[in-house]
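Everything on this sheet refers to the single structure shown next.
In the working numbering, the protein residues as written are 344 to 573.
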């Protein structure tokens, strides 16, 4: 089934470029020219992913993301003409899945969108692998793309789910940032260590809010592992 992408950007040329690239890739799209319209379109139509410009009138992209994350874990890919690290980290910490700066290659943008969608609709698990993983109070169900802590649902983005699933599959192993990156992103996509750290921090905060004091441990100089005391 063709994926439906919501494109929110105040530049009509960029909207049309993205629309053409997505349609060429077999997807269909709805356009929004500002943050308010993006929220209206999202509430009116089923959407698989949102391409969200940060600098928009009415509501900017970060405000739209904060509003969406109150009730939805729809994947969000940010666009911005600003390349400062603080923009990238802020966008990911409030619930974004990826970040592309302008000017960008439409082909790369489509590749990143496909990478996010593949994480949600992952290939069938290997024969014999469990659909459900439990570690203390943490439970993850692959087919339902669901994570819970002591029975309470913890809403994770596609990237966050992929990272935590990697850890729970081998709870005693320490994973480097590079390994985590390759498990959560397409192999032709590179993100910085700080971006990985930002995602980990966001996962921790969500579980802290659910009553879990520590879900992921830092092994300094090496990487991350699932907390042993869950």
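For each residue, glycine too, the CB sits at the ideal point set by N, CA and C.
Tell me which same chain residues have a C-beta within less than 7 Å of the C-beta of residue i, skipping the five on either side of it?
i: residue 497; result: 490, 491, 549, 550, 553
i: residue 500; result: 416, 418, 438, 440
i: residue 542; result: 435, 502, 503, 506
Tell me the rounded alpha-carbon separation between residue i and residue j.
i: residue 466; j: residue 380; result: No answer about residue 466 holds up, because its pLDDT of 45 lies below 50 and its placement is not dependable.
i: residue 400; j: residue 442; result: 19 Å
i: residue 479; j: residue 559; result: 13 Å
i: residue 517; j: residue 458; result: 24 Å
i: residue 351; j: residue 448; result: 17 Å
i: residue 412; j: residue 450; result: 28 Å
i: residue 522; j: residue 455; result: 18 Å
i: residue 495; j: residue 365; result: 36 Å
i: residue 406; j: residue 571; result: 36 Å
i: residue 537; j: residue 526; result: 16 Å
i: residue 387; j: residue 394; result: 17 Å
i: residue 563; j: residue 545; result: 18 Å
i: residue 409; j: residue 515; result: 34 Å
i: residue 354; j: residue 565; result: 43 Å
i: residue 460; j: residue 420; result: 11 Å
i: residue 513; j: residue 391; result: 30 Å
i: residue 493; j: residue 360; result: 45 Å
i: residue 535; j: residue 524; result: 9 Å
i: residue 398; j: residue 404; result: 6 Å
i: residue 462; j: residue 414; result: 20 Å
i: residue 561; j: residue 485; result: 24 Å
i: residue 453; j: residue 474; result: 29 Å
i: residue 347; j: residue 487; result: 20 Å
Leaving aside the five residues before and after residue i along the sequence, list all residues of the same chain whose C-beta is less than 8 Å from its C-beta, in chain order.
i: residue 445; result: 357, 422, 423, 424
i: residue 345; result: 369, 370, 371
i: residue 547; result: 557, 558, 559
i: residue 377; result: 351, 353, 399, 400, 401, 402
Near residue i, what residues of its chain come up, given a Cβ to Cβ distance below 6 Å and the 5 sequence neighbours on each side ignored?
i: residue 375; result: 351, 381, 384
i: residue 476; result: 483, 511
Starting from residue i, trace the beta strand (DSSP E) in both directions and tell me its first and last residue.
i: residue 482; result: 481–484
i: residue 441; result: 441–444
i: residue 437; result: Per DSSP, residue 437 belongs to no beta strand (DSSP E) and is neither H nor E.
i: residue 475; result: 475–478
i: residue 566; result: 566–569
Quick one: is the Cβ of residue i within less than 7 Å of any heavy atom of the ligand NAP?
i: residue 496; result: The ligand NAP is absent from the structure shown, which contains no ligands of any kind.
Assuming the contact rule is C-beta atoms closer than 8 Å, residue i and residue j should be a hit. Round their C-beta distance to whole Å, please.
i: residue 510; j: residue 568; result: 6 Å
Tell me where the alpha helix (DSSP H) around residue i begins and ends.
i: residue 423; result: Per DSSP, residue 423 belongs to no alpha helix (DSSP H); it is in the beta strand (DSSP E), 419–423.
i: residue 537; result: 536–552
i: residue 556; result: Segment: none, residue 556 is in no alpha helix (DSSP H) and carries neither H nor E.
i: residue 404; result: 404–411
Contiguous alpha helix (DSSP H) assignments of at least 4 residues, all confined to the segment 497–529: 501–512, 520–527
Which ranges would you report for the beta strand (DSSP E) in the segment 347–401 if only whole runs of at least 3 residues count? If we require 3 residues or more, the beta strand (DSSP E) runs fully inside the segment 347–401 come out as 347–351, 371–375, 392–396.
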